[in-house]
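**Q**
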Amino acid sequence: MTKLLITEITRMGPAFCVIGLQREKEKIRSVRPVTATANSWMHFPYQRGDVLQCDLAPFSGAKPHVEDRVSRRGFQKESTVPEPEVVAYLRKAETAGTLPELFGCILHENKSGSGLFAMPHEATRSVCGTQTRNLRLELCANEVRATVALSSGEVLRDLPVVDREWRDFIEAALAEGRGANRVPRLERFLNSQFHYKVLSCPHHFVRLGLTRPYHDLCWLMLDTLIPLPKREWLEEF
Amino acid sequence: MASIKDENHWKRLVDECFRREAGPQTVVPDPAQDLIETGVLDSMGWVSFLRALESASGLSELGALLTERTPSFESIFQVFKDAQTERPSPERDFSYATQPATRTSVLISSSCAAVGSRKIPSEEVDRAFGMPPGKLRSRAGIESLAYAAEDENELTLGARAAQQALHAAACGAQELDWIIATSETHRGYPSLAAQLHSQLLARENCGALDVGGACLGLVNGLAVAQGLIASGQSRTIAVITSDVHSRTFKPGLVAGEFGGLFGDGASAFLLRAKNGAAPQRAYGLGDFFFGCAGQYAGAIRVADAPNGSLDVHFDGEALSRAAITRLEKVVREIELRSGIARSSLQGLATHQPNPRLVTLLAKQCGLPQDKFPVVARSFGNLGSSTCGVALDAILQSARSHQAGQWGPIFAASLGPGLLFGGGWLVPA
Chain A
20 MTKLLITEIT
30 RMGPAFCVIG
40 LQREKEKIRS
50 VRPVTATANS
60 WMHFPYQRGD
70 VLQCDLAPFS
80 GAKPHVEDRV
90 SRRGFQKEST
100 VPEPEVVAYL
110 RKAETAGTLP
120 ELFGCILHEN
130 KSGSGLFAMP
140 HEATRSVCGT
150 QTRNLRLELC
160 ANEVRATVAL
170 SSGEVLRDLP
180 VVDREWRDFI
190 EAALAEGRGA
200 NRVPRLERFL
210 NSQFHYKVLS
220 CPHHFVRLGL
230 TRPYHDLCWL
240 MLDTLIPLPK
250 REWLEEF
Chain B
10 MASIKDENHW
20 KRLVDECFRR
30 EAGPQTVVPD
40 PAQDLIETGV
50 LDSMGWVSFL
60 RALESASGLS
70 ELGALLTERT
80 PSFESIFQVF
90 KDAQTERPSP
100 ERDFSYATQP
110 ATRTSVLISS
120 SCAAVGSRKI
130 PSEEVDRAFG
140 MPPGKLRSRA
150 GIESLAYAAE
160 DENELTLGAR
170 AAQQALHAAA
180 CGAQELDWII
190 ATSETHRGYP
200 SLAAQLHSQL
210 LARENCGALD
220 VGGACLGLVN
230 GLAVAQGLIA
240 SGQSRTIAVI
250 TSDVHSRTFK
260 PGLVAGEFGG
270 LFGDGASAFL
280 LRAKNGAAPQ
290 RAYGLGDFFF
300 GCAGQYAGAI
310 RVADAPNGSL
320 DVHFDGEALS
330 RAAITRLEKV
340 VREIELRSGI
350 ARSSLQGLAT
360 HQPNPRLVTL
370 LAKQCGLPQD
380 KFPVVARSFG
390 NLGSSTCGVA
400 LDAILQSARS
410 HQAGQWGPIF
420 AASLGPGLLF
430 GGGWLVPA
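In order, the protein sequences belong to chains A and B.
For the first sequence, this note's numbering assigns the number 20 to the initial residue and increments by one for each residue that follows.
For the second sequence, this note's numbering assigns the number 10 to the initial residue and increments by one for each residue that follows.
#1: Give a yes or no on contact between the stretch 246-253 of chain B and the stretch 332-344 of chain B, applying the rule of three or more CB pairs nearer than 8 Å.
#2: By the criterion of Cβ-Cβ separation under 8 Å, what are the contact partners of I125(A) in chain B?
#3: I believe L164(B) touches L205(B) by the beta-carbon criterion, under 8 Å. Please report the beta-carbon distance rounded to the nearest angstrom.
#4: Starting from the C-beta of V134(B), find all residues in its chain whose C-beta is less than 7 Å away, skip the five residues before and the five after it, and write them out in chain order.
#5: Secondary structure at T438(B), three-state DSSP: helix, strand or coil?
#6: From the DSSP secondary-structure annotation, give me the bridge partner or partners of L169(A).
#7: Please classify A182(B) as buried or exposed, where buried requires at least 16 other C-beta atoms within 10 Å of its C-beta.
#8: For the 8 Å Cβ check, are there 3 or more pairs between the stretch 87-97 of chain A and the stretch 112-125 of chain A?
#9: Ends of the beta strand (DSSP E) at K46(A)?
#10: Could you tell me which chain A residues have their CB closer than 7 Å to the CB of W19(B), listed as they occur along the chain?
#11: Classify S133(A) as buried or exposed, calling it buried when 16 or more other Cβ atoms lie within 10 Å of its own Cβ.
#12: In the DSSP assignment, find the alpha helix (DSSP H) that holds W19(B) and state where it starts and stops.
#13: Can you find a CB in chain A that lies within less than 8 Å of the CB of A65(B)?
#14: Bridge partners for K380(B) per DSSP, in chain order?
#15: Alpha carbon to alpha carbon, how far is K82(A) from R176(A)?
#16: Output the residue ranges of the beta strand (DSSP E) runs that lie fully inside the stretch 81-134 of chain A and measure 3 residues or longer, sorted by chain position.
#17: Determine, using beta carbons only, whether N161(A) comes closer than 8 Å to chain B.
#18: Check whether the stretch 78-86 of chain B touches the stretch 35-54 of chain B, taking contact to mean three or more Cβ pairs, one atom from each stretch, closer than 8 Å.
#19: Given a limit of 7 Å on CB to CB distance, which residues of the stretch 75-86 of chain B reach chain A?
#20: Return helix, strand or coil for P109(B), following the three-state DSSP convention.
#21: Leaving out five residues before and five after R42(A) in sequence, what residues of the same chain have Cβ atoms less than 8 Å from its Cβ?
#22: Determine whether the Cβ of A420(B) lies closer than 8 Å to any Cβ atom of chain A.
#23: Which same chain residues end up closer than 8 Å to S353(B) when comparing Cβ atoms and leaving out the 5 residues on each side of it in sequence?
#24: With burial defined as no fewer than 16 other Cβ atoms inside 10 Å of the residue's Cβ, what is the status of L22(B): buried or exposed?
#25: Does the pairing of the stretch 184-200 of chain B with the stretch 213-225 of chain B give three or more beta-carbon distances under 8 Å?
#26: Would you call the stretch 57-75 of chain A and the stretch 22-36 of chain A in contact, with 3 or more CB pairs under 8 Å?
#27: When DSSP labels each residue in this structure, what does A247(B) get in the three-state scheme?
#28: Against chain A, which members of the stretch 22-54 of chain B pass a CB distance test of less than 7 Å?
#29: Tell me the residue span of the alpha helix (DSSP H) that contains V217(A).
#30: DSSP state of V115(B), grouped into three classes?
#31: Applying the criterion that 16 or more other CB atoms from any shown protein chain within 10 Å of the CB defines a buried residue, is E86(A) buried or exposed?
#32: If the cut is a Cβ gap below 8 Å, which residues of chain B does E120(A) touch?
#33: Give the interface partners of S171(A) over in chain B, defined as CB-CB distance under 9 Å, in chain order.
#34: From the beta carbon of G68(A), is the nearest beta carbon of chain B less than 8 Å away?
#35: Considering M31(A), what are the terminal residues of the beta strand (DSSP E) in which it resides?
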């Protein structure tokens, strides 16, 4: 049995992708439990910070998703770790401060539009943590996109935000029951309080990931943004 | 603000950006079709398409304005219309888009280039930097470098280019309303623009302005000059670039793989408001656009080190990739914004980090290499003056033909950051 500290729950469409941290001797590394038939979960009732007991097959996935491990049985929750402690562990796992170090490869710019991608055979991993100098979320035609300035000063634009909690928060902010002018209110929040709440948080941290190959390219995305949003923030705007 | 008269122009922009995202063979969907719901684009492709469209249209908040709307062409056209009619502002001046390549109220009356008078074979530079002879030639394609002689510096080279440009236009220095200078090597005060002002003996009420941007400096300077003339406050402006790298990037201070690439040179352009008496054989400035691709910020950094030397971080490979990708992207965008096909160009005045990259850029752009004037191969990378010397060469070559045979010119450059900018010139 393997103990896994759940650090990432991402959502694209209806399915969830999950990543946790596993301790191997002195090393902490990311592991992505997948089902035997799919890379994602349609139902995942756990939260970030949960420590789960699981049974994972020892072989890893194809490049760059070398963190994949097939889950052979269900999960059993053992305990919960608070957010600052989760970040402390994330800082000991895969991290990088510069663009080429993120996934051990060159990242390419989309020539015709926006976004950055890696070639699947060049990337050596599909998830990496990083300290950010600045961060901004914005709504672009119903989609949430992040702009991230790394500590090196390099700027990544238009990263799709796939963090489950942040996506849920944005959707809740735009829910019809919240009255008029929802979009401008949310934009105002993202341009003001959000910035303060996230960047002033002492355990502020992000994890970036690569999508599965899509037309032979793996696109960069914002997997996790800590601190996670709080429901009560919705009352502020 | 100009009104949108030509809806076909918007349709062209939308169609072109869509095809770039979805593929050239993709059938343009029905205007009302939900592009995501029907699987024409995924959410990443949709945003990517909108970003390209924002850039091409100049409507930078297109994505934000489409929130809570169906992802369709119809919604996009509606936002274009709403933006035009409801919230007119200078940022939403779409006149360039509706009248591509016809904004020629600012003319380049004359131009000139001046390079360092010492011509040094690249092998000699290899040896000076302790590199194997032939390295600059074989790796970067540089055959020789123009180095400033002992009595030459940013001021003398810049002044020489400016005086010749003034002379070519039969324009006295007292006619100048502004001197706009740019240099990536000149340090100290008075600034280069102020020194040029004194050297050229311009009027006291002629302004002197230094603009930055390093290798992007010329494009920055042209855009500033265009704005000053378009505002009606100025009629005649000299834009001058001048860079003397050989005294900054010296052996012992920087590595040869970096310092060996650079030469010394200057360029000058005399810009005038178009009026009835304007010369017919001149180019008019089109529009300029700029940006900063921060993901490449780590590729090159130069700073003063505490011990008085230079702290240079230069990832040549990353910078080369970034330069090609970005320059090609800028060329695509100029083409899209101006409606001018690259195949019709007289030439491209681009930054030339090194000759190999020019070859690669020509290939990537699908253009013959002779559309890019030879600058870096003979003189080295001249910093802000590379683009200037290239532009001057294209203008001079055009002048050897009948005015009716002149083609448009694209200007595109980059600077550390990674700053980028571009624009176009059309025969007046």
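Ideal Cβ placement from N, Cα and C applies to all residues, glycine included.
Predicted model, so just to flag it, every value in this text is computed and none were measured.
**A** Considering the structure as presented:
#1: no
#2: On the first sequence, residue 125(A) is found 106 positions in, with the first residue counted as 1. In chain order: A327 and R330.
#3: Position 155 of the second sequence holds residue 164(B). Position 196 of the second sequence holds residue 205(B). Confirmed, about 7 Å.
#4: Here residue 134(B) corresponds to residue number 125 of the second sequence, with the count starting at 1. These residues qualify, in order along the chain: L145, L154 and G269.
#5: Outside the displayed range of chain B (10 to 437) lies residue 438(B), so it cannot be described from this structure.
#6: Within the first sequence, residue 169(A) is the residue found at index 150, counting from 1. Per DSSP, T151(A).
#7: Position 173 of the second sequence holds residue 182(B). It counts as buried.
#8: no
#9: Indexing the first sequence from 1 puts residue 46(A) at position 27. First-last of the beta strand (DSSP E) with K46(A): K46 to V53.
#10: For the purposes of this step, residue 19(B) is identified with residue 10 of the second sequence, where counting begins at 1. Neighbours of W19(B) on chain A: none; closest Cβ ~17 Å, over 7 Å.
#11: Here residue 133(A) corresponds to residue number 114 of the first sequence, with the count starting at 1. Buried.
#12: Locating residue 19(B) in the second sequence gives position 10, where the first residue counts as 1. Run containing W19(B): E16 to A31, per the alpha helix (DSSP H) assignment.
#13: Walking along the second sequence from the start, residue 65(B) turns up at place 56. No, no contact with chain A.
#14: Here residue 380(B) corresponds to residue number 371 of the second sequence, with the count starting at 1. Beta-bridge pairing links K380(B) to no other residue.
#15: The residue labelled residue 82(A) in the question sits at position 63 within the first sequence. The residue labelled residue 176(A) in the question sits at position 157 within the first sequence. Roughly 24 Å separates the two Cα atoms.
#16: 87-89 and 95-99
#17: On the first sequence, position 142 is the one that residue 161(A) refers to. It does: the Cβ of N161(A) has a partner Cβ on chain B nearer than 8 Å.
#18: yes
#19: L75, T76, E77 and P80
#20: As a working note, residue 109(B) is residue 100 in the second sequence. In this prediction, P109(B) scores a pLDDT of 42, lower than 50, which makes its location untrustworthy; the coordinate-derived value is nonetheless stated afterwards. Coil at P109(B), not helix or strand.
#21: By one-based count along the first sequence, residue 42(A) stands at place 23. Here the set comprises K22.
#22: Against the second sequence, residue 420(B) aligns to sequence position 411. No - not a single Cβ of chain A is within 8 Å of the one on A420(B).
#23: Locating residue 353(B) in the second sequence gives position 344, counting from the first residue. Excluding residues within five positions, the ones whose Cβ falls inside 8 Å are G416 and P417.
#24: If you number the second sequence from 1, residue 22(B) lands on position 13. Answer is buried; the Cβ neighbour count reaches 16.
#25: yes
#26: yes
#27: The residue labelled residue 247(B) in the question sits at position 238 within the second sequence. Three-state DSSP puts A247(B) in a strand.
#28: R29, E30, S52 and M53
#29: Within the first sequence, numbered from 1, the residue matching residue 217(A) stands at position 198. Here the alpha helix (DSSP H) through V217(A) covers Q212 to L218.
#30: Looking up residue 115(B) in the second sequence gives position 106. If DSSP states are grouped into helix, strand and coil, V115(B) belongs with the strands.
#31: Position 67 of the first sequence, counted from the start, is the residue given in the question as residue 86(A). Flag for E86(A) reads buried.
#32: Within the first sequence, the letter at position 101 stands for residue 120(A). The premise fails here: E120(A) is roughly 10 Å from chain B at the closest Cβ pair, so nothing lies under 8 Å.
#33: Your numbering for residue 171(A) matches position 152 in the first sequence. Those are A306 and G307, listed as they occur along chain B.
#34: Position 49 of the first sequence, counted from the first residue, corresponds to residue 68(A). Chain B, which has no Cβ nearer than 8 Å to the Cβ of G68(A), makes this no.
#35: Here residue 31(A) refers to the residue found at position 12 of the first sequence. Counting along the chain, the beta strand (DSSP E) containing M31(A) begins and ends at T21 to M31.
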